[in-house]
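K.L.:
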Amino acid sequence: MNFVEDVDYLESLFHSVDSHITLKYKNKDDASLGYGQSGLAIYSAYNYLYSKDDLNLSNLFYSLNSIIDDLEKKSSHHTFMLGQYGLIWALLKIKNLGLIDSTENQNLFNTETLKINIEHSINSNRDKKNNDFFNGLTGLLFFLNSLIKEDDEFIPLHELCIKYMMKISINDEKGIRWGFPTEEHYAKPLMDLYNKKNIVFFGLSHGITATSSVLSRALGTNNIHIILKTFKYLDSYKNINSKIEILPQCNLINYKKTEISNTWAHGNLAIAFAYISIGKKLNNRKLFNSGIEIAKESITRGYLFKSLDICSGIFGYLYVLYKLYKITHLEIFKIHANDVIKDMKKKSTPRSQLTNEIGILYGASGIGLSISTMLGKTDDDWDEFLLLS
42 MNFVEDVDYL ESLFHSVDSH ITLKYKNKDD ASLGYGQSGL AIYSAYNYLY SKDDLNLSNL
102 FYSLNSIIDD LEKKSSHHTF MLGQYGLIWA LLKIKNLGLI DSTENQNLFN TETLKINIEH
162 SINSNRDKKN NDFFNGLTGL LFFLNSLIKE DDEFIPLHEL CIKYMMKISI NDEKGIRWGF
222 PTEEHYAKPL MDLYNKKNIV FFGLSHGITA TSSVLSRALG TNNIHIILKT FKYLDSYKNI
282 NSKIEILPQC NLINYKKTEI SNTWAHGNLA IAFAYISIGK KLNNRKLFNS GIEIAKESIT
342 RGYLFKSLDI CSGIFGYLYV LYKLYKITHL EIFKIHANDV IKDMKKKSTP RSQLTNEIGI
402 LYGASGIGLS ISTMLGKTDD DWDEFLLLS
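Here it is as structure tokens:
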């Protein structure tokens, strides 16, 4: 599948990014998945599988030692994207790539200690009504989805997490959704601005599409009505005639966007991907077609980005277009992506912008992985933690 037309341009960007990552690799003290060495380990592992470059392997083992050191010191919080659970998820991901000896599984984490920590995290987030993907129950369930494939001792915690997620949900005739806890800093500026204490976000980073994606993995084809009711709630806010966004960032009636921001974190393209991928999984043609409609309409609104990273920048936008093309085989997404790349080249995007940060969410390693995947040089299942696989 040839997705990119100007291969030379993207390859040159990749080499710039990779060189900068190599220079700064060992300066990154953070061990987290989103910002630190766990994300860099994913980058090095996937690039090593393609290149067989000894430098990638050396960097990978540096990251693995940093992760294990952090776990032994217990210095990370008990959260997924920015904490200890993301570190362990990365180790398991790399082990399943065949780059960590499977006989050493018992050395990656202590099962009993991990079970105690996860149960405490589930109870704590239930009490705070924190269902966030990055640091709440949705992230915990995502992690547990991986753990139960390794060890069925985690199944009771998996079931407990789902139980409490449903317990703290708002479930009425409008559909199912989860409010955002007032103390979470992602939501606080909006809460203060609109004097509202229960904001429901929609996006794939902190919103109900993230929860729907993770629940669909956990439940399979069981309890489909739960998933469908989350999309019922989303549909009530859909406005195809909107000049800015078909779906807003959140449920604030008076929240007006004045510019387009189609990011992976909050944008309509990523929400459309959730509709399409879950619709396909559940064999639900209505969901699937609704997602295609949102995606097609969304790319006609234009794009405006202040950064280049995969979380909030243009490479996240390009990468979601790649995933949309892969799942639908619709040429419109491929054509639009290549138009965006031409626009980037025409504007001579400064390479310094690609390399200010090297973490996977907001920096060069995420950009590098998205480029190498779009070029067909890396498998795309690394993006599972972005809920795109």
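Per my numbering: the sequence shown = residues 42 to 430.
Note that beta-carbon positions come from the ideal geometry of N, C-alpha and C, so glycine has one too.
1) What whole-angstrom Cβ distance do Y91 and K418 have, given they're in contact under 8 angstroms?
2) Which of the three DSSP states, helix, strand or coil, is assigned to F314?
3) Please name the residue, chosen from D192, H307, I209, G124, that lies closest to G248 on a Cα-to-Cα basis.
4) Would a C-beta distance cut-off of 8 angstroms place F329 and K337 closer than the cut-off?
5) Closest to D47 by C-alpha separation, out of L402, G400, K375, would be which residue?
6) Given a cut-off of 8 angstroms, decide if Y274 and I217 are closer than it, judged by their beta-carbon atoms.
7) What does R218 pair with, by DSSP beta-bridge criteria?
8) What did DSSP end up calling C352 once you bin it into helix, strand or coil?
9) Checking the sheet assignment: what are the DSSP bridge partners for C291?
10) Exposed or buried, G139, counting other C-beta atoms within 10 Å across all chains shown (16 or more means buried)?
11) From L185 to E153, what distance separates their C-alpha atoms?
12) Return the residue from the list I351, S85, I109 that minimises the CA-CA distance to I98.
13) Would I281 be called buried (16 or more neighbouring beta carbons within 10 Å of its own) or exposed?
14) On the criterion of 16 or more Cβ atoms from any shown chain inside 10 Å, does H56 qualify as buried, or is it exposed?
15) Can you grab the Cα-Cα spacing for the pair L188 / D384, in whole Å?
16) Which of helix, strand or coil does DSSP assign to L429?
17) Mapping DSSP to helix, strand and coil, what is T341?
18) Taking 6 angstroms as the limit between beta carbons, can you name the residues of its chain near V255, skipping five residues before and five after?
19) Would you say L310 and L362 are within 8 angstroms of each other, going by their C-beta atoms?
20) Distance, Cα to Cα, D192 vs H199?
21) State the DSSP-derived secondary structure class of N324, mapped to helix, strand or coil.
22) Using CA coordinates, which residue listed in L64, L81, K270 is at the minimum distance from A72?
23) How close, in whole Å, do the beta carbons of N303 and S339 come, if the pair is a contact with beta carbons under 8 angstroms?
24) When the Cβ atoms of the region 53-69 are set against those of the region 403-411, are three or more pairs found closer than 8 angstroms?
25) Excluding sequence positions up to five away, which residues of its chain have a Cβ less than 6 angstroms from the Cβ of Y76?
P.N.:
On the basis of the data shown:
1) Taking the first residue of the sequence shown as 1, we reach residue 91 at position 50. Taking the first residue of the sequence shown as 1, we reach residue 418 at position 377. 5 angstroms between Cβ atoms; contact.
2) Translated into positions along the sequence shown, residue 314 becomes position 273. Helix at F314.
3) In the sequence shown, the residue the question calls residue 248 occupies position 207. It is H307 whose Cα lies nearest to the Cα of G248.
4) Along the sequence shown, read from residue 1 onward, the residue named residue 329 stands at position 288. Along the sequence shown, read from residue 1 onward, the residue named residue 337 stands at position 296. For F329 and K337, no; Cβs fall outside 8 angstroms.
5) Locating residue 47 in the sequence shown gives position 6, where the first residue counts as 1. If we check each option's Cα against that of D47, K375 comes out closest.
6) To locate residue 217, count along the sequence shown from 1; it is residue 176. To locate residue 274, count along the sequence shown from 1; it is residue 233. Contact flag set, yes.
7) In the sequence shown, residue 218 corresponds to position 177, counting from 1. Per DSSP, I211.
8) In the sequence shown, counting from the first residue as 1, residue 352 sits at position 311. Coil, per DSSP.
9) Counting from 1 along the sequence shown, the entry for residue 291 is found at position 250. Answer is F242.
10) By one-based count along the sequence shown, residue 139 stands at place 98. Label assigned to G139: exposed.
11) Taking the sequence shown and counting its residues from 1, one reaches residue 185 at position 144. Taking the sequence shown and counting its residues from 1, one reaches residue 153 at position 112. Taking the straight line joining both Cα atoms gives about 14 angstroms.
12) Taking the first residue of the sequence shown as 1, we reach residue 98 at position 57. Rather than Ile, the amino acid found at residue 98 in this sequence is Leu. Residue S85 is the option with its Cα nearest to L98.
13) In the sequence shown, residue 281 corresponds to position 240, counting from 1. Flag for I281 reads exposed.
14) Translated into positions along the sequence shown, residue 56 becomes position 15. Exposed: under 16 other Cβ atoms inside 10 Å.
15) One-based indexing of the sequence shown puts residue 188 at position 147. One-based indexing of the sequence shown puts residue 384 at position 343. The straight-line gap from Cα to Cα measures roughly 42 angstroms.
16) Mapped onto the sequence shown, residue 429 falls at position 388. Coil, per DSSP.
17) Locating residue 341 in the sequence shown gives position 300, counting from the first residue. Looking at T341 - three-state DSSP - the assignment turns out to be coil, as it is neither helix nor strand.
18) Position 214 of the sequence shown, counted from the first residue, corresponds to residue 255. Contacts found: T179, L182, F183.
19) Along the sequence shown, read from residue 1 onward, the residue named residue 310 stands at position 269. Along the sequence shown, read from residue 1 onward, the residue named residue 362 stands at position 321. A contact, by the Cβ cut-off of 8 angstroms.
20) Your numbering for residue 192 matches position 151 in the sequence shown. Your numbering for residue 199 matches position 158 in the sequence shown. Cα to Cα, the separation comes out at about 11 angstroms.
21) Stepping through the sequence shown from its first residue, residue 324 is reached at position 283. Looking at N324 - three-state DSSP - the assignment turns out to be coil, as it is neither helix nor strand.
22) Residue numbering aside, residue 72 sits at position 31 when the sequence shown is read from its first letter. Of the candidates L64, L81, K270, the one whose C-alpha sits nearest the C-alpha of A72 is L81.
23) For the purposes of this step, residue 303 is taken as the residue at position 262 of the sequence shown. For the purposes of this step, residue 339 is taken as the residue at position 298 of the sequence shown. With a Cβ gap of about 6 angstroms, N303 and S339 count as contacting.
24) yes
25) As a first step, residue 76 must be located in the sequence shown, where it is residue number 35. Cβ neighbours of Y76 beyond the five flanking positions: G400.
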